[in-house]
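The numbering of the sequence shown is our numbering, which starts it at 186 and goes up by one.
Worksheet for the structure shown next.
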Amino acid sequence: MSNNITTTLPVPMNEKSLGEREQLAAETLDERLQRAREKRDRLVKERELQRIEDECALLERKTASDTEFCSFTKDQLADPINRGLEAATKHQRALQRLDQTVRAFATYLEILESDLPPYSEAYRVQHLYSKLRPEIQRAVTNFHVVLATREELVVLASTLERNLSRSSAPGAHHIRNKARNGGKKKDNRDSFPHPLQNMRQDSGKNATRPRDEYPVIRCYYCNKLGHKKPDCPSLPEGKGKPRSLDPNRLPIRGPGKGLAS
């Protein structure tokens, strides 16, 4: 008698199912993909950084070359010592002109300072401030702000300069006075009317003038109303105007004849 015995082998504990193995592989793939992306971004940034550093170095060399070329050209045109003394004199005597903006004047000082020993930033700020026009100096002082660099002073002074130019423009004073005295002008117009207004009022009064206000005509011969002495019917014959039936008609006079007074 044979017995069929089925033997089941135990599954090792470290062995995982197919689904778990696929999930683990997918997670590993995502991690590798993320690491690859980070590496790519890092390489791109490093390449961009290297390009910017190369451009900066090129600009520095070009600036140094331009500065050297400018100095060389100036040395060929004038002696360096004399040029420095002339620049120092101009730098000390420089003043902002009426037709010169703050920015243009600051640029002029910088050109002079290129031939002078380097100054501290505080001295550059104070020197520019002392050379500005008096009204701009007062405006900067009234602003009550501490300026650490010359560029800050140039920006502030340029803004105040534009404000002063607008306030002193032709017609600005008239506009301000008009706005300030806008409520008073109506009273002035009422107190002092225009001459044409008086003429219109007078003409209107004359148009509606009553009949009894017209001047009365009185004859100085008969002392009666309604006619003058030359037209008086009581005058003797030959004196005054010849009487006529129509008082509006004047008689025709012959040549050489006049009316007796």
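Glycine included, each C-beta is placed from N, C-alpha and C at the ideal position.
query = Are the beta-carbon atoms belonging to Tyr314 and Val330 less than 8 Å from one another?
reply = By 1-based counting over the sequence shown, the position of residue 314 is 129. By 1-based counting over the sequence shown, the position of residue 330 is 145. Against a cut-off of 8 Å, the Cβ pair of Val330 and Tyr314 comes out as no contact.
ask   = Count the other CB atoms within 10 Å of the CB of Leu332; is the residue buried (16 or more) or exposed (fewer)?
value = Stepping through the sequence shown from its first residue, residue 332 is reached at position 147. Leu332 comes out buried.
task = To the nearest angstrom, report how far apart Ala304 and Asp215 are at their CA atoms.
result = Taking the sequence shown and counting its residues from 1, one reaches residue 304 at position 119. Taking the sequence shown and counting its residues from 1, one reaches residue 215 at position 30. Going by the sequence as given, residue 304 is Tyr instead of Ala. The straight-line gap from Cα to Cα measures roughly 60 Å.
request  = With DSSP collapsed to three states, give me the class of Leu332.
outcome  = What you label residue 332 is simply residue 147 of the sequence shown in a count that begins at 1. Note: Leu332 maps to coil in three-state DSSP.
key: DSSP three-state assignment for Arg403, whether helix, strand or coil   = Here residue 403 is taken as the residue at index 218 of the sequence shown, counted from 1. Looking at Arg403 - three-state DSSP - the assignment turns out to be strand.
task = For the alpha helix (DSSP H) containing Glu306, list its first residue and its last residue.
result = In the sequence shown, counting from the first residue as 1, residue 306 sits at position 121. From DSSP, the alpha helix (DSSP H) with Glu306 extends over Glu306 to Lys316.
query = Glu336: which of Arg309, Ile266 and Cys241 sits nearest, CA to CA?
reply = Stepping through the sequence shown from its first residue, residue 336 is reached at position 151. Checking every option, the nearest Cα to that of Glu336 belongs to Arg309.
Proximity of Val287 and Leu317 at Cβ, strictly below 8 Å = The residue labelled residue 287 in the question sits at position 102 within the sequence shown. The residue labelled residue 317 in the question sits at position 132 within the sequence shown. Contact: yes.
key: Contacts around Glu320, its chain only, beta-carbon distance under 7 Å, and the 5 residues preceding and following it disregarded   = For the purposes of this step, residue 320 is taken as the residue at position 135 of the sequence shown. So the list reads Leu349, once near-sequence residues are dropped.
Simplified DSSP assignment, three categories, for Leu345 = Within the sequence shown, numbered from 1, the residue matching residue 345 stands at position 160. DSSP places Leu345 in helix when its eight states are reduced to three.
request  = Find out if the Cβ-Cβ distance for the pair Pro276, Glu245 is shorter than 8 Å.
outcome  = Here residue 276 corresponds to residue number 91 of the sequence shown, with the count starting at 1. Here residue 245 corresponds to residue number 60 of the sequence shown, with the count starting at 1. First, the amino acid is wrong: residue 276 is His here, not Pro. Going by C-beta atoms, His276 is not nearer than 8 Å to Glu245.
key: Boundaries of the alpha helix (DSSP H) in which Pro265 is found, first to last residue   = Here the question's residue 265 lines up with position 80 in the sequence shown. Pro265 -> alpha helix (DSSP H) spans Pro265 to Arg278.
inquiry  = Mapping the DSSP letters down to three states, classify Ser388 as helix, strand or coil.
reply    = Here residue 388 is taken as the residue at index 203 of the sequence shown, counted from 1. Unreliable placement is indicated for Ser388, whose pLDDT of 49 sits below 50; the coordinate value is still reported in the next sentence. DSSP places Ser388 in helix when its eight states are reduced to three.
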